[in-house]
Amino acid sequence: MKLSTIILILLVIFSGCDDEDDPQNSPAPGPEPELITIFTLTIDMDYPLKRDNWVMVHDKDGVLLDHKHIDTGGVLEFQTSATVPSEIGVTIFRYDTTGNSDVYTFESYLGVPTGQEWIWQKPDNPPVVGPGTSVGTFSASYTLPTPLRMDIFGNGSTLGNASQTGNTKFYESTIYEKDKNFLLSIAGDGSLGYKFFEDVQDGDHFDVTFDAMEEYDKVIDISFPPTSDPYVKVYALDEEGNAQYYTYLNTFNLPPFAPSATLTDLKIGYLNRFEKYYTSVQIPSSAFGFTYEKVGTSPTDINFPAQADYEVTNRTLENFSYSNDKPFSMRRSLFEDDAIPNRQIWWTFFAPEGTYRVKQLPEAFLEIYHFIKLQNFKHRTTSFQNSTRSYLGYLGRIGQAIPESVEHETTSISVQ
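Numbering follows my numbering, with no gaps: position 247 of the sequence shown is 1080.
Structural data, given as structure tokens:
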């Protein structure tokens, strides 16, 4: 080939390369990806933040969409250029110290409708209205059955003081001008009794025997497999929702105040003179935990299930899964990382029925908290709730300060 021909070919090649590198011949840059706001958080300037605070937003599969490090109040918009999901997960991280321990807490609210606007406000504590001044004291003595399930004496202002000799208790209490009625409630092994004292006066003394006490208007009977130390709290509510009189409270009949006891049934009394009650029953069986809670009228019945109906099939944080034979309104899953002494690291998930995950943490977050690793978290317990209150209503209360219905009925099954 002639030298002139080779030179001509090289000139053509280099000329083509120069054209490709010429900015004037480069394709024009495309438009910036559009950012869509998927979540908004407004924080009042006087909101009490912890030592360190982060908020992270994920999609349903746990992919990180946006995050913010928070050190002051203001309006924060969380955005994404990815395909906008219909639901997101909102994770709140807080770091603080308690005594000699560092405390790191994650709270993840999953299945949140995209576009919600949440607000953090300083809690408004209403003034406490007391029972008025003291107008004296009264005393009583009463006998106890054997075995004893519980005894409680008092009203909405005081539970008084008691001492015991044998099977007799000696009770003394202050009387307040706005609260002069008292209720004594006693539960034996299969037997219940109560005595209501009205308009008690200074210096009054009452002698009561258990066998002569009155029967409750309604008794709820719960049967279950042998279990140690079920817990029961039942009290009447006044019009403002405040506790009035305990009809059942066995706190002081459980360890460490009393020896452990194995039971197979509970009988709980209710009086028609009170229209509304708070009822809480916790039964920790060997296979699962059972919790019943109601605010409103007395329960129609409380049934301990024959089986859990829920099972955790994957206990890892990143791929948590479960199986269920019955639907539920909300689950609460608790994980712990206990790898480092004097560091309490907890992660709580709240979610409706369905598959929701968290699989990523922000790089900026991990640069500070390099010791926090998703794979280190261990599943502790998951509670599956069925409630007359919805999960969306729960999110409204948590994020938007929208009051839920005070009256509700909720049953929870906890599995490990």
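Ideal placement from N, C-alpha and C gives every residue a C-beta, glycine not left out.
Keep in mind that this is a model prediction, so the values were computed, not measured.
Within 10 angstroms of the beta-carbon of G993 lie 16 or more other beta-carbons, which makes it buried. Looking at the DSSP output, F1085 sits in no beta bridge, so it has no partner there.
Considering only F1217, S990 and I1053, the residue with the shortest C-alpha distance to V961 is S990. L874 sits close to I952, with the two beta carbons spaced by under 9 Å. When beta bridges are read from the DSSP output, E865 appears opposite no residue.
Nearest neighbour of K1159 by Cα position, chosen from T1244, D1050, T1097 and V1033, turns out to be T1244.
About 7 Å separates the CB atoms of S941 and F1183; that is less than 8 Å, so the two are in contact. In the DSSP secondary-structure assignment, K901 is bridged to V888. In the displayed model, G1122 falls within a strand according to three-state DSSP.
Segment contact: the segment 1095 to 1115 against the segment 1038 to 1045, fewer than three CB-CB distances shorter than 8 Å; contact not assigned. Where R1230 is concerned, the enclosing alpha helix (DSSP H) starts and stops at Y1224 to Q1233. DSSP lists T1060 as the beta-bridge partner residues of L1096.
Shown here, E940 sits in a strand according to DSSP, grouped into three states.
DSSP, reduced to helix, strand and coil, places Q949 outside both helices and strands of the structure shown, so it counts as coil. For G932, the closest of A1172, F1204, I903 and R1176 by C-alpha to C-alpha distance is R1176.
The three-state reading of DSSP puts N1209 in helix, counting H, G and I together. DSSP places I1246 in no alpha helix (DSSP H) but in the uninterrupted beta strand (DSSP E) bounded by H1241 to V1248. DSSP places L1104 outside any beta strand (DSSP E), giving it a letter other than H or E. Burial is judged here by how many other beta carbons sit within 10 angstroms of a residue's own beta carbon; M889 has at least 16 and is buried. Excluding its 5 nearest sequence neighbours in each direction, L1087 has C-beta neighbours in its own chain below 7 Å: D1062 and Y1064, listed in chain order. If you draw a straight line from the Cα of E1200 to the Cα of G1122, it is about 39 Å long. V1128 has its alpha-carbon roughly 11 Å from the corresponding atom of A1076.
Judged by DSSP in its simplified three-state form, D877 adopts coil rather than helix or strand. If you check the CB distance, I869 and L909 do not come in under 9 Å. For I985, the enclosing beta strand (DSSP E) covers residues L981 to G987. Each of F1210, M1163, L1150 and L1194 was checked against the Cα of E1169, and the nearest Cα belongs to F1210. With contact defined as three or more Cβ pairs closer than 8 Å, the segment 887 to 904 and the segment 1137 to 1144 are not in contact.
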